[in-house]
Structure formats: structure tokens, C-alpha cells
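Here the UniProt record's numbering is used: the first residue of the sequence shown is 1, the next is one more, and so on. We treat Cβ as the ideally placed atom computed from N, Cα and C, and that holds for glycine.
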Amino acid sequence: MNYRFQNLLGAPYRGGNVVVVNNTLLISPVGNRVSVTDLLKSETITLPCQASTNLRHIAASADGLFVFTVDENNRCLFINLPRRVVLHRISFKHRIAVAKFSPDGRFIAVSAGKLLQIWRSPGFKKEFFPFELIRTFADCNDRITCLDWSPDSDYVIVGSKDLTLRLFCLKKMKNFKKPFLLLGHRDVIVGAFFGVDRKTNGVICAYSLSRDGAVFRWGFSEAELDSPGTPEQRQEQDLASGNQTILKKRKESDGKDHEFDGGDGVLLHRMKWALMKKDYLMQAPAKLTSCDYHRGLDMVVVGLSNGVFALYQMPDFVCIHLLSISREKITTATFNGLGNWLTFGCAKLGQLLVWEWKSESYILKQQGHYFDVNCLAYSSDSQLLATGADDNKIKATLHFMASKNCLLSASLDGTVRAYDLFRYRNFKIFVTPTPKQFVSLTSDQSGDIICAGTLDSFEIFVWSMKDARLLDVLSGHEGPVHGLMFSPTQAILASSSWDKSVRLWDIFEGKGGIEKFDHTHDVLTVVYRPDGKQMASSTLDGQIHFWDSLQGLEMFTIEGRRDIAGGRLMTDRRSASNSSAGKCFTTLCYSSDGSYILAGGNSKYICITEAGPVDLIDDDDSDIEEELHRLAGVGQQQQLKGVLLYSMDDTFIFDPTDLDMDVTPEAVDDALKCDQPKRALFLSLRMNEDTLIKKCILTVAPLDISDVASSVPVKYLQRLVEALADLLENCPHLEFILRWCQELCKFHGTVLQQNSTNLRPALRTLQNAVTRLRKDLADTCSSNEYMLRYLCSTSNKR
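Below, the structure written as C-alpha cells:
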């Protein structure tokens, strides 16, 4: 069975900066991974590649093809964003505070401690030395905190902790060795940006923002003058007169020597720079923690340490918005490409939001869990997922009712609450005569009976869902009741406790406990197989016990401690052979057919075990695979950063429906060459390969669609509809695909209606794609219609 990482849920932001590419793609670091959110489609994916530690900084190229990430150990990844793969890796000796691609995408500026390094950006090809060091500037006296490129990618302005700004020229100039120095700030510089002319796109000024809320505007005059006589730049005469020692050291730290005479552009480093204007935010005692500048709109957005953000129009420094979005400091603030959306992030609370400042409305507003995620539950159709954590808002135990629109939660505050997911409100609260701490929760198949186990009194409380009345209190356990589950086929409740036992209760007949299964160690959880004929329970010693629930006999046991042992950390004081001590499975879940069982606990591993033979599943590929949404419904991993979601990898699955000796990709190509699109389509459907099916669909002539669609066998309809729905999302041939759908509905409408249950996911995907396309085209068609009417009316008047 082949699984791959699918997504990371419940943790939209954990620190670092965020970037927006192509105006709508929001790229944010999530722990040691990168999350990409499509703000138009409201979809979020997490890239499968991961760093060794949490990410500190990310940078994206202007075209959105490459992402450069930096982790806490100064190890960097160069990622191909469309393909979601790591192309290259590089490590630095010094702390990387900021990195940024040049506007033309050729270079990457990296601040390595006090050094500013310019690297040539790698391409798509594999190279032995993908990163080439172009220049190294060692003129800063303290760690670099911010930088920005000029529009022509020739200059870099840098701010550092020594309270200075420096202007560097990428290309080497004759008789010029020192950067221009700008002084005046009294606190650490947070942001430095070039201001440009909207018409010529040339640099006309520079902005710098410091932590104390000062906003400086720097300008220059046209007269070419020597750089000011700072202590560093007084050595220029010595360099010109022949002090070759310093020149040799500088050349050794630089890359290749690119001589440059300035060309026809303005030589910014030879201009006379001066402070033109000072402005202050006047938000003391709050400090400026993040900022960004939009060149097209000439606007500055700032985030403060008290959760307030402000938007200013430059150069007049007119405040457009001043709002509070959080109580903690805003760690990142950025514009999108058009400048109409502002993105803010708060690392401490895990908040990430996108705000449109013109309409004053939210585009995206998410907040992750503040503490550890400790439980989750899927709805009955696997479309909804609820998670719980250890904070004071999210509950400790979750459970979906038979209806997916009702969610139950139990917590240590002594309440069980029922939530309506349609109206997003709490409509019922179940309580006990005296406050108890609940650690387990379940409901029967009909949703009429609610049961919850306690931590302190070792009792099980039973309520009626209709009137929230306490029906019964089940006593008998001598330890906390950490597992509850109703039998899928009988009115029997199973409970597990730390008293080393599993008990069965008949709560409907009022008989109380009817069976007891003794264990040698504390029982942590218990689950039923979907057919109700088998139970599985996990104990504190790392074993999984399987019981015949009808006969009351133990069938077999799995020794799972070695499966979750793991390795040894550098800080561990026990050897690797003893690392499994104290590790056990705290949660179990059967697959939908009961053939596999998932086990997870206080280990970094999740074990998938066959519920029949006492063996872990073989890693070899299997021709019989479980349905994707079924295994996704039980294949999850919980961690501090959120919920890791795994699904079966479609790229590894070859699942032909009617394979024969003559059904090969070569046969499909031969049929296409012989102008036999119908035969080619049927062969591709028998092979069940997505790429071949789509290729054959697109090669059918528009006049032959009706003939081919009417001849499609009924057993291939579902696969063909799924391929058409996928094509409608990504293919530009809109009318062609819609004609395919129309002909299929015309000739196979009765069959599609009779098999609506099996075809429902594919038909729903097709409907959503058509609805989205109609919505996108409606506004354009309406405006064109009104324009044509206007043109026709004006022509008649003439």
C-alpha cells in the first residue's frame, strides 16, 4: 500500500514571512513545510518537501516558479513550485535573516550575518554547482535585517542592526569600492525599499522604517558627487593610491569580476543622497515589527507589536487605515501584486488573514490551534473533519453523529455539547449532577443516546439526545474510562479503562455490564470492527488485543512495541534498544472493510496492520487497493503543528478494469495513428490510465463525439465522467468538453440516474466545474451584451 503526504490541516501559520505570487497564491511557512493557498479557489495545499527544522524565511521568484526557503539551521531549499519538488540544497555558516529574488529572477540576495551575498539563481536543469556566488559585500558592522532590489536588478539597499542603510551596486565599478552610507535612524531598521517613478519605473527615492516607528524618505540630486566622507569611505584614497592588501581581500570574498561602467542608466551610488522627510507612527509604546511597500501604489503597510496595523499613502504620509486585528504582535505584513490585498500573520496565535483594504472585507481569515492537537473525528461521508486541542476553546474529545451536520464534544470542564454545523451554534449542553471531567465520548447509530466516560469518578454517563435528560450512570470501572464505542450491529456499548479491563454494557435493556475482558496492563482504547464481530483494544505495554465480541474469546495479539520504537535523539539518555519503553498505541481505527487496522500513539510512527494475520502489511505494491476517501478517513497523524493528512498515491496505482494481452499503451497509440478514436478510447478506459484517457478524449473529432459517446459501455461511464470533470477544470476547450457531457447525458441519462449513488462524486465534481465556469463567464458576457446594445443604438442614430 502506497501512501503519500496530502496536506497539513489546523496550522495555517507558525512564524516567518509570507509572500504572494501571481496576485492570488499565498505562500506561507508552516513549521518545516511550505503551504500554498489559492485565494480565489479557497484551496490550500502543503508541499511534500520539508526542511530539517522550522522555516525562518521564504522568498519567491517574480514569476512564481521557484521558492527559496531558509530554516533555523541555515539550510536552504530551492523548490520548483509547480512540480512541488526540491531542485537544489545549500547551507550557510552564518544566520540567514532575509533572502530575496531579484526582479528579473537571475539572482538571489542573501544576508549571511554581516555579509550580503549575491548568488546566481539556478534553473530547471540539474547542475553540479547550481548556486554560483557573484558578489560578497562585507561592509556592514552588524547583522543585516532587511534588503530590497532596484527595479533593474543592479542595486541593493540594505538595512542592518548598526542603524545604517547602505546602497550596494551589484556590478563592479571602476574606482568605486565602498557603498553609499545613509545615517539617521535611532533604532533597528525593519524595512528598506526603493521608490520608483510610475511612468519610467526608475528609482526616484528610498524609504526606510525603523523599530521605533520612524519613516524616512531619502532622495538624491542629479549631480554626481563623491560619496560622503564617512570613516569607512576615507580609505578610498588609500585604495586608489595603491593599498593592494585590502583590494586583494575584497576580491577573494567576491565572485567573478564583472566590470561595469554604468551604461546609460542613473548611477545611484554616485548621486548625492540626502534625507528628504521624517515621519513617525506615533504609536508608542508599540514597536514596529513588520512592514511592506508597494511601488505601484506608493503605499506602506506596517504591523505593530500590539496587533495594530496601519496603511499609509506616500510620500505625504496620509493614514488610510489604522485597525487592530490581534492582541499579539504582527510578525509579517505584505502586499499582493496588485496591491489591493494585505496579508498579515501573527505567529504566537497562529493567525493568518488576507484583507482587502478598499472594500474593508476579509478574503481569508484562519487561526490554527494554540496548543497540541489531541483528537479528531471525520463525518460519516468523510467530507468534514473536526479537530480538538488542549486550549480553553477547543474540546478534548470530538464525535460526529450519524448525521454529518451534528458534532458532539466533551471536555474536562464537565460538559458535553452538541453543535449544529448548519447554523454554527451550540444547541444543547449535557451536564452531570456534580461536575466531572470527561475524556471519552460516543453515540449510538441512531444518534439518540449519548455516552461519555469520566477521568475522576470512573463512571459512564448516558443521556438522551432529544431532551438532554440523564438516563443512567454506569459504574463498575476502577480507573479512568478512556475508550467508548457502540457496536455497529448490536445495542452493546464497549468501554475500556485503566483498570486493565474492557466491559460490555447493555444500556437499552437496563442490564448493566454483561461481559468483562481482562488484560494484563491498562487498556487505553477499544474499537469495533465495522461488522461488529471483532473488537480491538490497545494496552500500555504496546500490545493490540483482538477479541471475538460474540463468543467473548481472545483471537490473537500483536506485539507492537518494536513497531513504534523509533530511533534515539542526540539528547536522549537511554539507548536505542530501550527507546520503546513507555511507548504504546493510544488510538485505533479499522478500515472500512475491516481488513486493516490503524494504530497510533506517543510515537512518530503510525502502523497499518492486517487485522487477520499477525503481521505488518508488506510494502510491496498490491493490485487490490482500498478506496481513497475511505483510507483518508482513517489515515491521519496528529502533531503539535496540526494534522498531517495522508492519502493513497494515485501515481503508484495501476488499476486496469479489463486488461488483456492486446491492451497496451502501444495499442492505443496505433489506434490513434490509424484514425480510430473510438477503439483508442475504449482501450484507454480498459487500462484505466488517466493520461491516456484524456489524450483519447481530446483526439475525438467534434463531429464524432455523438457516435463515440453512444458506444461507451456502461461499466466505463464513471471513469469517463471523472476524466471529463478533471478536463473541465484545467482544459481550455470548454465547448468541446461540454459537448461530451451533453452527449453522455443524452444517450446514458437513464443509466446515470439509476447509478447515481456510485456516480455522485464524479457528477458533483462535474457540476461544480460547470457552475464555476458559468459564474466566471456571466459577468463578461453581460458586459459584452450591454456594449453591443450600446454600439447598435449609436449606429442607428447615425
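Would you report the Cα separation of residue i and residue j, rounded to the nearest angstrom?
i	j	result
V308	W355	14 Å
C792	S783	14 Å
I429	I189	52 Å
Q551	I460	24 Å
A725	C319	48 Å
S591	I597	6 Å
L9	M555	37 Å
N7	R56	20 Å
V36	W498	43 Å
H294	T44	25 Å
K694	L727	7 Å
A99	T145	10 Å
F5	P285	44 Å
residue 800	Y528	Any question about residue 800 goes unanswered here, given that the chain covers just 1 to 798.
A62	H733	29 Å
C674	P82	35 Å
residue 816	F427	Outside the displayed range of the chain (1 to 798) lies residue 816, so it cannot be described from this structure.
R789	S795	10 Å
Where does residue i land, buried or exposed, given buried means 16+ other C-beta within 10 angstroms?
i	result
H545	buried
H321	exposed
F137	buried
R686	buried
P29	buried
M787	exposed
N336	buried
Q742	exposed
I514	exposed
R774	exposed
F107	buried
In this structure, does DSSP put residue i in helix, strand or coil?
i	result
F422	coil
I507	coil
F747	helix
E554	strand
N784	helix
N23	coil
R789	helix
Q676	coil
Y590	strand
M173	strand
M535	strand
R686	helix
D38	strand
P103	coil
G16	coil
A667	helix
S150	coil
Would you give the residue range spanned by the beta strand (DSSP E) that residue i belongs to?
i	result
A112	107-112
F486	481-486
S160	155-160
M276	271-280
A51	Per DSSP, A51 belongs to no beta strand (DSSP E) and is neither H nor E.
H321	318-324
D292	288-294
H545	543-548
T136	132-137
N374	373-378
G566	Counting along the chain, G566 falls outside any beta strand (DSSP E), and DSSP gives it neither H nor E.
Can you name the residues that DSSP bridges to residue i?
i	result
G195	C205
V708	None, per the DSSP bridge assignment.
F5	Y646
R417	S409, I429
D585	Asp is not the amino acid found at residue 585; the sequence shown has Phe there. DSSP, once it has assigned bridges, lists G601 as partnering F585.
H399	L408
N80	F66, V85
K516	R503
H733	None; H733 has no bridge partner.
F458	Beta-bridge pairing links F458 to no other residue.
V354	T343, L364
W463	I450, L470
Starting from residue i, follow the alpha helix (DSSP H) in both directions and report where the run begins and ends.
i	result
L692	690-699
N730	717-730
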